[in-house]
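Novice: Numbering (this note's numbering), first residue to last: 202 to 481. Take this structure first; my questions come after.
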Ligand SMILES: Cc1cc2nc3c(=O)[nH]c(=O)nc-3n(C[C@H](O)[C@H](O)[C@H](O)COP(=O)(O)OP(=O)(O)OC[C@H]3O[C@@H](n4cnc5c(N)ncnc54)[C@H](O)[C@@H]3O)c2cc1C
C-alpha cells in the first residue's frame with residue numbers, strides 16, 4: 202500500500218517546527234527517524250496533511266553528562282547510544298537495552314525522541330526511562346516544560362505530548378558506585394518487539410538490594426512498575442518477588458496473558474541475578 206498524499210516541510214529551528222505544527226491544527230506530524238512513522242503512513246494507519254522534518258534542527262543530538270545527570274538530545278540515533286562510551290559508563294541500562302531494539306538498519310535511523318514519543322508498549326526505551334526515574338523536556342507553543350517519566354506515558358501510544366509539542370531532550374541520573382542494573386527480554390526472534398521485557402535499577406550492597414525499580418514492557422498499555430515485587434526483592438527473596446508479581450497482562454497477538462505472566466517471572470529471576478552480580 203502507498204501512503205495518502207502529504208506535504209513536506211523541513212524545519213529550520215524548534216520555533217519553526219512548532220509554528221508549522223500550529224498552522225496545521227493537529228493534522229501535521231513530526232518526522233524524526235521515520236522508522237515507525239513511515240510504516241504507519243504506508244499502512245494508512247495515519248494520514249497527516251504535513252510531515253515536519255526535524256532532522257535539520259541544530260542542538261537536538263548528542264549525549265552529555267552534567268552534575269551527575271545524563272542528557273540525551275531527542276534526535277540522537279539508537280546507533281549512537283549503542284556505541285557511546287559515555288552511555289556505557291554512565292547509563293549501562295541503556296547500553297544493555299540498545300542491541301535488543303530492532304535491527305542495525307533501523308537503529309541507524311531511529312531516534313530516542315521518536316521511540317519515547319511513539320510510546321509503543323513493547324518498546325525498550327520507555328521502560329528504561331521509567332526504571333531510571335528520568336524525565337523528558339518538551340517544547341511547545343507555551344514554552345518549555347519537563348515531565349517525569351511516570352507522568353509522561355499516559356496510555357496505549359499516548360503521552361503527555363500535545364499536538365504542537367516537541368520532545369527535545371531526555372534526562373536521567375548517571376549511575377553511582379552502588380547502582381546496579383538489569384535488563385532482559387523475550388522475543389520470538391532477536392530484534393522483534395518483545396513479548397515481555399524487564400528493565401531494572403537498584404542500589405546493591407553485595408546481594409542486598411534497595412531502591413529497587415522493576416519496569417516491565419509488553420504487559421500493559423504503558424511500561425509498568427511491579428511495586429510489590431520491588432518490595433519483596435528488596436526484602437531479600439527472589440521467590441517472594443516472583444510470587445508477588447503484581448501484573449495482569451492481557452492476551453495479545455504474541456501470547457496469552459497467562460503466558461506473559463509466567464514469562465515475567467522467568468525474566469525477574471534473570472534480572473535479579475544481574476542486579477546481584479558484582480559490577481564490572
Ligand atoms: C521492523 C521494525 C522493528 C522494530 N523493532 C523495535 C523494537 O524491537 N523495539 C523498539 O523500541 N522499537 C522498534 N522499532 C521502532 C524503532 O525503534 C523506531 O525508530 C522508533 O520507535 C521511532 O523512532 P523514530 O525516530 O524512527 O521516529 P519516527 O518514526 O520519525 O516518529 C515516530 C512518532 O513519534 C513522533 N515523534 C518523533 N520524534 C518526535 C519528537 N522529538 N517529539 C515529538 N514527537 C516525535 C512522530 O511524529 C511519530 O508520530 C522497530 C521498527 C521497525 C520498522
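By construction, the Cβ of each residue, glycine as well, lies at the ideal position given by its N, Cα and C atoms.
Are the beta-carbon atoms of residue 240 and residue 376 separated by less than 8 Å?
Specialist: Contact: no.
Novice: Between 439, 477, 408 and 449, which has its C-alpha nearest residue 469's C-alpha?
Specialist: Nearest of 439, 477, 408 and 449 to residue 469, Cα basis: 439.
Novice: Please give the ranges of any beta strand (DSSP E) in the segment 219-279, keeping only runs that are unbroken, at least 3 residues long and fully inside the region.
Specialist: If we require 3 residues or more, the beta strand (DSSP E) runs fully inside the segment 219-279 come out as 229-232, 251-254, 264-267 and 270-274.
Novice: In whole angstroms, give me the CA-to-CA distance for residue 203 and residue 246.
Specialist: Their Cα atoms are separated by approximately 11 Å.
Novice: Using a Cβ-Cβ cutoff of less than 6 Å, which residues in the same chain neighbour residue 461 once the five nearest sequence positions on both sides are dropped?
Specialist: The answer, listed in chain order, is 397, 420 and 450.
Novice: Can you tell me whether residue 366 is buried or exposed? The criterion is at least 16 other CB atoms within 10 Å of its CB, across all chains shown.
Specialist: Counting Cβ neighbours within 10 Å, residue 366 comes out buried, since at least 16 surround it.
Novice: Residue 338 lies in the beta strand (DSSP E); which residues open and close that run?
Specialist: Per DSSP, residue 338 belongs to the beta strand (DSSP E) from 336-341.
Novice: Would DSSP call residue 423 helix, strand or coil?
Specialist: DSSP places residue 423 in coil when its eight states are reduced to three.
Novice: Hey, residue 424 and residue 354 are a contact pair by Cβ (cut 8 Å); roughly how many whole angstroms apart?
Specialist: With 8 Å as the limit, residue 424 and residue 354 qualify as a contact, their Cβ atoms being about 6 Å apart.
Novice: With distances taken Cα to Cα, identify the nearest neighbour of residue 334 among 402, 268, 315 and 279.
Specialist: Considering only alpha carbons, the answer is 402.
Novice: Does the beta-carbon of residue 227, which I'm using as the reference point, lie nearer than 7 Å to any heavy atom of ligand 1?
Specialist: No; taking the cut-off as 7 Å, the Cβ of residue 227 has no heavy atom of ligand 1 nearer than that.
Novice: Taking 7 Å as the cut-off, is the beta-carbon of residue 236 closer than that to any non-hydrogen atom of ligand 1?
Specialist: Yes, the beta carbon of residue 236 sits closer than 7 Å to at least one heavy atom of ligand 1.
Novice: Going residue by residue through the segment 292-370, where are the continuous beta strand (DSSP E) segments of at least 3 residues, counting only ones entirely within it?
Specialist: Within the segment 292-370, the complete beta strand (DSSP E) runs of at least 3 residues are 336-341, 344-349 and 354-356.
Novice: Residue 408: buried (16+ other C-beta within 10 angstroms of its C-beta) or exposed?
Specialist: Looking at its Cβ environment, which holds fewer than 16 other Cβ atoms inside 10 Å, residue 408 is exposed.
Novice: Does the Cβ of residue 302 lie closer than 7 Å to at least one heavy atom of ligand 1?
Specialist: Checking every heavy atom of ligand 1 against the Cβ of residue 302, one is found closer than 7 Å.
Novice: So, with DSSP's three-state summary, where would you put residue 480?
Specialist: Coil at residue 480, not helix or strand.
Novice: Nearest to residue 347 by CA position, among 371, 321, 325 and 286, is which residue?
Specialist: It is 371.
Novice: Distance, Cα to Cα, residue 455 vs residue 385?
Specialist: In a straight line, the C-alpha of residue 455 is about 17 Å away from that of residue 385.
Novice: Any heavy atom of ligand 1 closer than 7 Å to the CB of residue 454?
Specialist: Residue 454 Cβ: outside cutoff for every heavy atom of ligand 1.
Novice: Which partner residues of residue 450 appear in the DSSP bridge assignment?
Specialist: In DSSP, residue 450 forms no bridge with anything.
Novice: Going by C-alpha to C-alpha distance, which of 391, 443 and 270 sits closest to residue 299?
Specialist: The residue with the shortest Cα to Cα distance from residue 299 is 391.
Novice: According to DSSP, simplified to helix, strand and coil, what is residue 376?
Specialist: Three-state result, residue 376: coil.
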